[in-house]
Each structure stands twice: as structure tokens, then as C-alpha cells.
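Down below is the structure, laid out as C-alpha cells.
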Amino acid sequence: MGEKKLPNKVVFGYGVADFTFNLMMMGAVTYYAYFLTDIVMINAAIAGIILLIARIGDAISVPLSGAIIQKTQLKWGQFRSWLLVAPPITGLFFILMFTNFNMSVTAKAIFLCVAYTIGHISVNFAFNGHLALISVLGKTPLDRVNLSTKKAQFQTFSGVAFALLFMPLVGILGSGNEATGFLYTVALFAVLQILGYWYTFKITKDYESYDSNKKLDGTTGLTAGEMIKQIFGNSQLLIIMLVDSFRTTAMFGIIGLLSYYFVYIAGNLNLITVGMFVGTLGTFVGSLFAPAVAKRIGKKNTYILSCSISLIAYMLMRLLGQNYVVFIGLSALGNIGIILSMALGPAVYMDAAEYGFYKTGKDSTAFIMSMLSMPIKIGVALSGAAIGFGLAAIGYDPTVAVTPTFLSSMMNVIALIPAGCALVSLILVFFYKLDEKTMQMYMEKNAVTRAESGAGEV
């Protein structure tokens, strides 16, 4: 197609936002259930309801934010603008999520639920704008895979940094007060999230700016009905969303229960730093291999391999995971499996966008790219609810002594639910049909269609 390779400076600059954003998000994903039950002292079932309601609202906002981005062009470009304006709002409400004001339990639950919801709605604008920016930066399949894998690599770097820094910072900044430590540490990471997005905004200024001639109607405008059709009428998008939803439910379920595992099963919360560090090393290793694996066997077969490795790891975890050394090793293996497909996510959703444009003649790139975060939201919502309700079902109470029955029940929640999710993902991915040769053909034909319509390239 004749385009020049995207400079490494831009590829790396694109990934910086993922590093700082993931630092902040890991705090919420990993410790928020623990924060609600063991620091704020909210009943586990109520905590599950808070997480479910807030995360459903968060998930609903994903397509809405994608639709707004699809139809809006602010002063700094259609996609880049959101990297500038949304992160400060996100940072403020993530800080409020980790406050423990002196109020009734009911008022506190409502306040934290609202803060969580608003914070994550704001996240969706920055996250989806950042994702859609791939369509501007990557003009070839290779550039899009490079951006996708760099995104995953920076996220894994962030995971390593989070594992090493979060709990030590909680201790240092809190001076022995866990609630204060959580608040100050999350506040620090929230500020870094703002700076990271702003750096990516700056480094990509030559690739997108305000364009008064850019059409946001006609071929790019989507009605509400057309947006629904883009999800349910685009078979390849729907399949990959379902695959990713089950995969992320498994991933976030384990992440959200790590603090409980190390407190009650391993008997030492400080070991979570080791566990997360080794786990993120597994993720890092997988992210390094993902581009080569995808190049050799293709994106679909990489997804199949990803689901298979995760399934094996989670089944072994149930059998052997009460030994924390084995548990840590199997968590790392599961992470290797997960990242193999996760690293390809943006490229796969760009394929779905190209497929949708080829089938309908409607350019819905921003909207479809926003759907990449929908499985994440679904996974976070379902895993959060499963954690709260699962703990309630086994009679969890921070003051009750640990029994063998409790340990067995906890391992069922940790391992078997993720294993089932991995199995469903593995079955579903066999129905995905967009291979590399087919995608090259779609992209070339779509480029001609865009040129003829005057809509510009994606």
C-alpha cells in the first residue's frame, strides 16, 4: 500500500499512556474489593452489589463514549482531544474512590459507587480515544500489530512496576495507616496517569489535529440502530467480544482475589508483592513472544494457543494451588497465555472495523475500537460481582478463623470459574474467520472506497 513504517518514537510514545494508565487501574482492579470489605468494612455482599452496579454503569458507557467520539471533533482532533481533557476528571474520581469519609455505611456505599461510576465513565473517553488513535497512526497491518503489541508490553512493564511499588508505597505513605496509604498511593498513580496521557497527546500531534474538512456524517455518521447493527450484525466483532469477555472475567477474577489468597491461604499479604512481580514477569515474557507467534501462526491460532495455556494453568491451580509457590508459578503461566491474545486485541478489533466497513460501507472505526474495552468492563463487572457474592456464599467474614473448608471453597472460586471461562473462550474462537490474507484484501478495497467517498483513510 506504499505507506512508510511508523517511527519507533511514535510507537513508544503511544505506549507511555498505557504504562501510567495501567498503574492507576491496577490499584482499582487488584485491591478495590479488599478496600471495601477490609478497610471501609462494608459487608461482602454489599460490596459485591456496589461493584456490580457501578461496573454495569461503566459498561453501558462504553458504546456511548464510542458513539460520542465517533461523531465529535474537538479542538485537538477527533481522537487525540480525549487524551487531553478526560484524564484529569478520571484522576479526581479515582482518588475519591479510595476515600473513607466519616459517614453512615449506606451513605458511604452510595458515595463510593457514584465515584467509581463517574471515574470509569471518564476512563472510557480517554481509553477509547487512545485506542481509536491506532486508526490514524497505523496505516498498515504491520504498524497496527506493532502498536497493539507495544501497548501490551507497556502494560506489562506497568504491571511489574505496580507489583514492586504499590504495597511498599502504601506502607511508606500511610505510615502504618492502611487507609491513608491506599489513598495517597492511588492519588500518586492518578497524577501519573494524567501525565502519561498528556505525553502521548504531545508525541502524536503531527498525526492528528483539528480538520475542518473531516466528515463526521455521511459514511462516518452512525445512527443508534446502526451502532447496534455494528455489534450484532458484525459477526466477527461479536465473536471476538465474547471470547475476550470470558477471558477477562477469568483474569480479573484471579487478580481481584489475590489479596484474599495471600492473606488467608498463604498467610502473608506481603507475599502479594512477590506473587504479582512473578505474575507480571510471565505477562512480560508473553508480550515479547506475542508478535513473533502471531507472525508465524496468525492471530486466530494465537488466540487458540492463548486460551489453551490459560485453561491448563487454571485447572492445575485448583489441584496444586494451595502451595503458594506453585500458585505463583501457575499464575505466571496463566498470564503468559492471557497476554498472547490480549497483545493482539487492538489489531483484531481494527480487523473487525475493516470487515464492518467492507460489509456496510459505513466507517465506524472509533465505535468499534471502543468495543475493545467492553469485554474488559464485562470481565471486571462479572468478576467483581463473583468475588463479592462468592465470598458471601462461603460465609466470609474478616474476623472468622480460617478452616480447611474455607480454603477449599476459596480455591474453587479462584480456579474453577476462570477455568470454565477459558474453556468457553477456546470454543468460541474457532468461529472467528478473519485471517491475514483476507484482511489485506479488505484493507485495500476499503482504501479505494474511502478515497472515492472523500471520507479520508482510517
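Per our numbering, the sequence shown starts with residue 323, numbered consecutively. Ideal placement from N, C-alpha and C gives every residue a C-beta, glycine not left out.
Report yes if the CB atom of residue i is closer than 7 Å to the CB atom of residue j, and no otherwise.
i, j, result
"residue 412", "residue 577", "no"
"residue 558", "residue 677", "yes"
"residue 403", "residue 447", "no"
"residue 741", "residue 629", "no"
"residue 598", "residue 485", "yes"
"residue 665", "residue 747", "no"
"residue 378", "residue 703", "yes"
"residue 424", "residue 362", "no"
"residue 454", "residue 700", "no"
"residue 432", "residue 573", "no"
"residue 317", "residue 567", "Any answer about residue 317 is impossible in this case: the structure gives the chain only from 323 up to 780."
"residue 737", "residue 640", "yes"
"residue 498", "residue 707", "no"
"residue 489", "residue 595", "yes"
"residue 826", "residue 556", "As displayed, the chain neither begins before 323 nor continues past 780, which places residue 826 out of reach and without an answer."
"residue 479", "residue 492", "no"
Give the C-beta separation of residue i and residue j to the nearest angstrom, bearing in mind that I take them to be a contact with Cβ-Cβ under 8 Å.
i, j, result
"residue 459", "residue 332", "6 Å"
"residue 481", "residue 570", "Not really, about 15 Å apart at Cβ, beyond 8 Å."
"residue 649", "residue 656", "Not really, about 10 Å apart at Cβ, beyond 8 Å."
"residue 782", "residue 552", "Since the first and last residues shown for the chain are 323 and 780, residue 782 lies out of range."
"residue 267", "residue 523", "Since the first residue of the chain shown is 323 and the last is 780, residue 267 is not available in this structure."
"residue 585", "residue 591", "5 Å"
"residue 530", "residue 399", "4 Å"
"residue 562", "residue 674", "6 Å"
"residue 443", "residue 575", "Between residue 575 and residue 443 the Cβ distance is about 23 Å, and since that is not below 8 Å, they are no contact."
"residue 506", "residue 518", "Actually they do not touch by this definition, with Cβ atoms about 19 Å apart."
Hey, out of the options, whose CA is closest to residue i's CA?
i, options, result
"residue 710", "358, 343, 328, 689", "358"
"residue 647", "658, 660, 593, 659", "593"
"residue 342", "473, 651, 771", "473"
"residue 689", "566, 456, 430", "456"
"residue 725", "661, 587, 642", "587"
"residue 705", "335, 354, 327, 329", "354"
"residue 620", "757, 502, 708, 679", "757"
"residue 450", "438, 697, 596", "697"
"residue 735", "752, 583, 679", "583"
"residue 476", "727, 762, 761, 340", "340"
"residue 372", "489, 396, 419, 397", "419"
"residue 658", "632, 429, 768", "632"
"residue 520", "336, 589, 506", "336"
"residue 723", "589, 611, 712", "589"
"residue 327", "408, 464, 401", "464"
"residue 510", "526, 525, 487", "487"
"residue 329", "611, 525, 672", "525"
"residue 397", "579, 527, 550, 671", "527"
"residue 348", "385, 401, 579", "579"
"residue 385", "430, 452, 401, 550", "550"
Once you ignore the five residues that flank residue i on each side, which residues in its own chain have a CB closer than 6 Å to its CB?
i, result
"residue 622", "754"
"residue 765", "676"
"residue 669", "466, 467, 470"
"residue 714", "366, 367"
"residue 501", "361, 422"
"residue 408", "444, 447, 448"
"residue 612", "471, 662, 665"
Apart from the five residues just before and just after residue i, which ones in its own chain have a Cβ nearer than 7 Å to its Cβ?
i, result
"residue 416", "346, 350, 441, 508, 512"
"residue 774", "none"
"residue 564", "750"
"residue 375", "435"
"residue 427", "364"
"residue 439", "376, 379, 380"
"residue 437", "415, 418, 419"
"residue 560", "553, 554"
"residue 410", "516"
"residue 712", "735"
Less than 6 Å separating the Cβ of residue i from some heavy atom of the ligand ADP?
i, result
"residue 529", "For the structure depicted, the ligand ADP is absent and the ligand set is empty, with no information on it obtainable."
For residue i, I'd like the list of residues in its chain whose CB is within less than 8 Å of its CB, leaving aside the five on either flank, ordered along the chain.
i, result
"residue 615", "624, 627, 662"
"residue 760", "none"
"residue 315", "Since the first and last residues shown for the chain are 323 and 780, residue 315 lies out of range."
"residue 752", "626"
Check whether the region 708-725 and the region 360-373 are in contact - that is, three or more C-beta pairs closer than 8 Å. yes
Can at least three beta-carbon pairs, one atom from the region 629-641 and one from the region 693-703, be found at a separation below 8 Å? The answer is no - the region 693-703 does not touch the region 629-641, with fewer than three Cβ pairs under 8 Å.
Check whether the region 596-615 touches the region 720-736, counting contact only when three or more Cβ pairs, one atom from each stretch, lie closer than 8 Å. no
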